[in-house]
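Remarks on the structure that follows.
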Ligand SMILES: Nc1ncnc2c1ncn2[C@@H]1O[C@H](COP(=O)(O)OP(=O)(O)O)[C@@H](O)[C@H]1O
Ligand SMILES: [Mg+2]
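Protein chains in written order, with this note's numbering: chain Z, 1 to 777; chain W, 1001 to 1078; chain F, 2001 to 2078; chain C, 3001 to 3233.
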């Protein structure tokens, strides 16, 4: 081939034209970063190499701003023999018995979901499912923590229905039950909704897969969808226009998902794992082939020779740098011994999935510690790099941190001083307003769009406190997961806010009777270049790491999403924390709803006057200020242990954690769940003036509402007292269809409660078509 | 009564799983010479009075198509 | 390469909730003179060789449309 | 007794249908879409899911699977066939049942526990119920709205071919609240709600769904379906 015909940049050309100007700044690289690349290569990078470095060294892939902080999750890690794979892998893997492990992780897909809500959310689900699949696991459930702008803002009517349909469209079609999530509204998310997605998978302990591209001579196989131009620039600011000024077509950064293809990909991968046919596997997500090729070879210390033109393309006109940067969905990279190649291709064919050998693993040159990744395009070398330089040698920043200027004033402006209702009528009216408010109202309009039954192992799902799935049909072994985050608390105190999210997720898992064992997290923040945001981030990570150490459960994985802001305004810091717990026998699960008239109702934990950052302050006074509720992790631990033992001994009929909206909200939810009323008498010391209000709406942590069947009360209270866990008898469960009554204060029929609680979302989003374009107000 | 037809198709570079699935099923109908199938939406808008093509274009742009991933054409049907 | 376009629309007597929803949203765009909106599918079939209209008709009849509820038209695109 | 459960690419509730068959006391036999052989099963379930992604029209592509040719032939000979959700859609597309299933009127996928009244207890799949009995079974579909011409609907009513109706809120806008229908002979039934998800109180809202699977075990004559080379010794 003569060089005249070549319309793409090659290594040879790069050597010949060292001074050619390159658009590194447009690709998001700093001048010193570009200089580093030239140093590493000993020449200017080719167009393809430049694209690869710019993606791999982007914030999203390199964690350059967060790395120095995230280290604490390792440094402060509590000892746990359960963790088989932790941070650094696609997802954390936790042994739940001698031979069964689970893997779980949460990730964000925030920006794409704002641009194209349906596809953005759908591909968010698809991406996290492939991470779980890459560990060797069968994905068995998904969850979706979501944050939107104000519920009544016209653009929320564009974003929310699309996001929900996308989460459902992809998850339902994959056959994964959706077992929980969050729907939270706050104006801070107006131009920047948060779409986080969690997947959990199950694998035999001995089937854990590795991503290492070990064994020189082994074949590199790309399996799944064809590669197209979609998503180029999704990860970094890479846009093909900057390469190709002539045909300036803006490429979309949103990909379209194909859940059917993903389902076939899952089934074929699981067959490959079961037959032990592969050496390594890696999913393709952000940064596509670039990330998969470099990570698999770098982690093994090997090299690769890849013939890029063998990659099946959807659009034949793609150039090599586009193929390398494409974020086309539903693809996996496999490392296969040559003798197994035919068997692998055969399984792919059985499921109707494309599988194509694209290269071979190579050994390091004699004297070298690591191999090189060389990529050719129709015979010409377009990439020749040490793969480790892309994966591990990216820039690391200790960005400046500074407490936000407004924080002292904000913290001084306490909600405890706001006007409060002081009589029964006022409380009754307040209760009805509170349960109808967007954050506290019934979320069925959203969750009914998700399949919760598929796979037949869903024991608890939304609106229960945690999702609980059966893992082993014979023994009843299962896992419970809850995801939580309260950004208002985190805004007021990010250290405490992260711990409160952890505490809430821990509590939600514990009330089902499960034993919390591991943590994942998705840290959604504004721009790391803003010292105030960076301070929030640092505090949140420190809080979470300290909290996990104190609770004795390790962080096994997670995700960071920066740049969540509109103009200069960052979202509230939003650490979303997921806790996974193990249930030895899901038949002993504890649901949240009252279910027998005459059962005793107890409140566990202590109530304090804690209204700052509360849902009440926000709904009634549009107020955010003060300091969030006190964190009491030892108390959470005692509560969890007590609930676990009570569940094992069959002493409790229901348990429901208290969080947003306090005791009042918990009483309403437990009543409406199965349609049983409740008669409550407030403790004498809380019965006068505005104290009943405080008791009902304070958001003190470490509390749960529990019902105990007649005859077990003594045993139950003794169990709590042994653990120094405050226990207060509040009253009894009333008859089916009765009312919620607070003696001396008010009484509301369940019908009236239900009408207020369920009406809000259908009223806001019931009409099904909204415009496609962003709506300003 | 006058009718405007809006055809909405995914942009050529965007994956079309629907079309792909149909193309994959054709061999079973004994069809082997189809290179590609793309599936989009056809929207028929009947105006009660005069056709308002500008209005139709606005409807297409704001409601019927998502310009991030879809192209559309608007025409009056004869 | 030659293209056949198959338009598939719900029969007039079958309710089209999608079309209705779009029609219902029009007043919000300030459109009040639309009598009805119907939404169907537009399928573009690219043959690798000659257009085979009979084949296309068979594909439409057996696969692309459900004759119980849908009508279709098949035409070669110019 | 063997109940076959077909897996198409994109079938999702196949494992659940097999589990339900086992709970009812049958042996569950997995059938593969590309294999025309029914392996001696006495009845067949077409499970829920999104066969072939349900991209064109639900069930439209699955209908052409090799296994469907055999099922269509045997069904005409009396083989009991139950199509659940996507399976119901496939049966309509394959013209083994009349009418069609279209997009839910409210345009959303909907998953909820649904009250359903069994209208006809004479089919191969509903013999264990009594006509008029109300049961609770989950619905979960995006295109479960049954439509047909007035003549067809009248005919279904007159022939007792409406097997079940929604009670309370109709979850998808289905005409005449139809949740399940049968063919004229009564061996082929299509149902939109998912009986296989109501077989265990641990994981479902009731155990009402089990009745469909126990019914068929009583309706079939063992061995009737085995082909010569598979006659058990
Ligand atoms: N907030 C976090 N906490 C703990 N681990 C994290 C966090 N963010 C990222 N990680 C870990 O860093 C690694 C790389 O993350 P990511 O790039 O999201 O993974 P992937 O490439 O699989 O999408 C993963 O092991 C992930 O678990
Ligand atoms: Mg990964």
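By construction, the Cβ of each residue, glycine as well, lies at the ideal position given by its N, Cα and C atoms.
- The stretch 595-665 of chain Z is shown to contain whole beta strand (DSSP E) runs of 3 or more residues at 600-604 and 654-657, in chain order.
- Contact between residue 3084(C) and residue 3062(C) does not hold, since the beta-carbon distance rounds to 13 Å and is not under 8 Å.
- Close partners of residue 230(Z) in chain W (Cβ separation under 8 Å): 1013, 1014 and 1015.
- Looking at 630(Z), 75(Z) and 588(Z), the one whose alpha-carbon comes closest to that of residue 702(Z) is 630(Z).
- Checking the DSSP bridge columns, you'll see residue 377(Z) partnered with 380(Z).
- No residue range can be given for residue 82(Z), since it is assigned to no alpha helix (DSSP H) and is classified by DSSP as neither H nor E.
- Chain order gives the chain F residues near residue 3093(C) as 2066, where near means a beta carbon separation below 7 Å.
- Excluding the 5 residues flanking it on each side, residue 260(Z) has same chain C-beta neighbours closer than 8 Å at 173, in chain order.
- Counting C-beta pairs closer than 8 Å gives fewer than three between the stretch 2064-2077 of chain F and the stretch 3030-3045 of chain C, which falls short of the contact rule.
- For residue 3064(C), a Cβ of chain W is located within less than 8 Å of the residue's own Cβ.
- Taking a cut-off of 8 Å for Cβ pairs, the stretch 22-34 of chain Z and the stretch 299-309 of chain Z do not touch, as fewer than three such pairs fall below it.
- For the stretch 3140-3186 of chain C, the continuous beta strand (DSSP E) assignments of 3+ residues that do not extend past its boundaries occur at 3145-3147, 3162-3166 and 3178-3182, in sequence order.
- Looking only at 154(Z), 510(Z) and 117(Z), the smallest Cα-Cα distance to residue 764(Z) is reached by 154(Z).
- Annotated three-state conformation of residue 1061(W) is helix, per DSSP.
- By the Cβ test, the stretch 3206-3214 of chain C is in contact with the stretch 3013-3029 of chain C, since at least three Cβ pairs between them sit closer than 8 Å.
- Comparing C-alpha distances from residue 284(Z) to each of 262(Z), 274(Z), 278(Z) and 429(Z) shows the shortest one belongs to 262(Z).
- Residue 171(Z) places its beta carbon less than 8 Å from that of residue 125(Z).
- Closest in C-alpha terms to residue 575(Z), from the list 586(Z), 562(Z) and 583(Z), comes 562(Z).
- CA-to-CA, the gap between residue 70(Z) and residue 560(Z) works out to about 10 Å.
- As DSSP reads the structure, residue 1003(W) sits in a beta bridge with 1046(W).
- Within the stretch 104-121 of chain Z, the residues whose Cβ lies closer than 8 Å to any Cβ of chain W are, in chain order, 115, 116 and 119.
- Taking the Cα positions, residue 9(Z) is about 16 Å away from residue 37(Z).
- Around residue 1023(W), no beta-carbon contact reaches into chain Z at under 9 Å, the shortest distance being about 12 Å.
- For the stretch 3124-3139 of chain C, residues whose beta-carbon sits nearer than 8 Å to a beta-carbon of chain Z comprise 3138.
- Residue burial annotation: residue 672(Z) is buried, with at least 16 other C-beta atoms found within 10 angstroms of its C-beta.
- In this structure residue 318(Z) is buried. Its beta-carbon is surrounded by 16 or more other beta-carbon atoms within 10 angstroms.
- The alpha carbon of residue 3183(C) has as its nearest neighbour, out of 3205(C), 3172(C) and 3077(C), the alpha carbon of 3077(C).
- At least one CB of chain C lies nearer than 8 Å to the CB of residue 173(Z).
- Residues of the stretch 1027-1053 of chain W with a Cβ closer than 9 Å to any Cβ of chain C, in chain order: 1028, 1029 and 1039.
- The secondary-structure analysis by DSSP pairs residue 482(Z) across a beta bridge with 579(Z).
- Per DSSP, the beta bridge partners of residue 555(Z) are 519(Z).
- The C-beta separation of residue 3120(C) from residue 3140(C) comes to about 23 Å, leaving the pair out of contact by the 8 Å criterion.
- The straight-line gap separating the alpha-carbon atoms of residue 2054(F) and residue 1030(W) is approximately 13 Å.
- Inside the stretch 3082-3111 of chain C, DSSP marks whole beta strand (DSSP E) runs of 3 or more residues at positions 3100-3102, from first to last along the chain.
- The three-state secondary structure of residue 704(Z), taken from DSSP, is strand.
- Where residue 128(Z) is concerned, the enclosing alpha helix (DSSP H) starts and stops at 117-134.
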